[in-house]
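**Student:** Numbering (this note's numbering), first residue to last: 8 to 376.
Glycine included, each C-beta is placed from N, C-alpha and C at the ideal position.
A single structure is presented below for examination.
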């Protein structure tokens, strides 16, 4: 099976070779100005990519990075560094595996805080030298939008719409496959073991945990290499126990009214055979298997979980369920974050909570050294 040594031989999609660093600006509702950055957006990570099989990379704007404007993307900054601390953040967005409008750009408010030059008391230089954000193929939404979606995407039915948008036809394991392809492309740019924190929000947290806590072969993706091992996993408002989300008891009294919608979008993403869902649920992964991956250097020794008690879409027991599993993993440090507040989308809409969670995670890693 391929391993991380294969990243040097990663075959770049032709379109990816044309990616250039460009000036850009990002913003957060908590900042009074737009923040200039250097970015390479929508880099495809697979040949003949659909419109969502790509990733974006953001750098702080400095005299050194400004010199990159107009040049091809050939590596991440400081890719050859021997620093023992992570220097990159890689993020996987949410969207219930179904909303094509929620994209890699949702990380930009957090990017604004990370690269604003010190907007929090006592803050110094940017805590990381690059932030990458992954897109991935989403699943069909071939049913009426639920009432909880105030501004739903246009429904899409692959058959009725004559397969006009392949970016909306994913069925597991394609979501995971896309994330692994994105990590492989980043690996070819210098993303290495221990060099990054991997974060995910909502279903993006599920995808991040799926991609790291199990080998690719677990999903029948034997042809894909093991991704670079992150220094830490950061799960934000994550979906970790899929079967529990499709039952009123599993959702609890506070969220039981969402059962029908969960069942619909999970069935589109993972198939209608619910007996297969535990095998892909991070809360059901075997603790001994995860411990083995940690010993082998394929999974990190630190996991940080956070969730807002005001989250109107994801019950708190999702964090509790995955915590119960990860607490049994030998060699794993499991920490509960305290940054998330407000409604489900607040972390990515406001950016500052993701940024503060990153700072907390980096501090925990420094304590472990």
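Roughly how many angstroms separate the alpha carbons of residue 356 and residue 119, rounded to a whole number?
**Tutor:** Spanning the two alpha carbons is a distance of roughly 12 Å.
**Student:** Measure from the alpha carbon of residue 370 to the alpha carbon of each residue in 351, 279, 190, 204, then state which is nearest.
**Tutor:** Minimum Cα distance to residue 370 is reached at 204.
**Student:** Do residue 50 and residue 61 have their beta-carbon atoms positioned less than 9 Å apart in this structure?
**Tutor:** Their beta carbons are under 9 Å apart, which means residue 61 touches residue 50 by this criterion.
**Student:** Threshold first: 4 residues or longer. Then list the alpha helix (DSSP H) segments lying entirely within the stretch 303 to 338, N to C.
**Tutor:** Qualifying alpha helix (DSSP H) stretches, in chain order: 324 to 333.
**Student:** Please report how far the alpha carbon of residue 281 lies from the alpha carbon of residue 253, in whole angstroms.
**Tutor:** Near 9 Å, if we compare the C-alpha coordinates of residue 253 and residue 281.
**Student:** What's the call for residue 115, buried or exposed, on a 16-neighbour Cβ count within 10 Å?
**Tutor:** With 16 or more other Cβ atoms within 10 Å, it is buried.
**Student:** Under the DSSP definition of a beta bridge, which residues are partnered with residue 203?
**Tutor:** Paired residue(s): 95.
**Student:** Start and end of the beta strand (DSSP E) containing residue 88?
**Tutor:** Note, residue 88: premise wrong, no beta strand (DSSP E); not H, not E.
**Student:** Using only the alpha-carbon positions, how far apart do residue 37 and residue 43 sit?
**Tutor:** If you take the alpha carbons of residue 37 and residue 43, they lie about 16 Å apart.
**Student:** Report yes if the CB atom of residue 165 is closer than 9 Å to the CB atom of residue 181, and no otherwise.
**Tutor:** Cβ distance not < 9 Å, so residue 165 and residue 181 don't count as in contact.
**Student:** On the three-pair Cβ rule with 8 Å, is the stretch 233 to 244 touching the stretch 64 to 75?
**Tutor:** Verdict: no, contact absent.
**Student:** Starting from residue 136 and walking both ways along the alpha helix (DSSP H), at which residues does that stretch end?
**Tutor:** Residue 136 -> no alpha helix (DSSP H), and no H or E assigned at all.
**Student:** Rounded to the nearest angstrom, what separates residue 186 and residue 172 at their Cα positions?
**Tutor:** Each residue's Cα considered, the two are about 19 Å apart.
**Student:** Rounded to whole angstroms, what is the Cα-Cα separation between residue 290 and residue 214?
**Tutor:** Whole-angstrom Cα-Cα distance: 12 Å.
**Student:** Where do the N-terminal and C-terminal ends of the beta strand (DSSP E) with residue 51 fall, by residue?
**Tutor:** Its beta strand (DSSP E) spans residues 42 to 51.
**Student:** Just grab the DSSP bridge partners of residue 66 for me.
**Tutor:** Paired residue(s): 45.
**Student:** For residue 86 and residue 225, what's the separation of their Cα atoms in angstroms?
**Tutor:** The alpha-carbon atoms of residue 86 and residue 225 are separated by roughly 30 Å.
**Student:** Can you tell which of 117, 175, 67 has the C-alpha that lies nearest to the C-alpha of residue 56?
**Tutor:** Checking every option, the nearest Cα to that of residue 56 belongs to 175.
**Student:** Please say whether residue 47 and residue 97 have beta carbons closer to each other than 9 Å?
**Tutor:** The answer is no: Cβ separation not under 9 Å.
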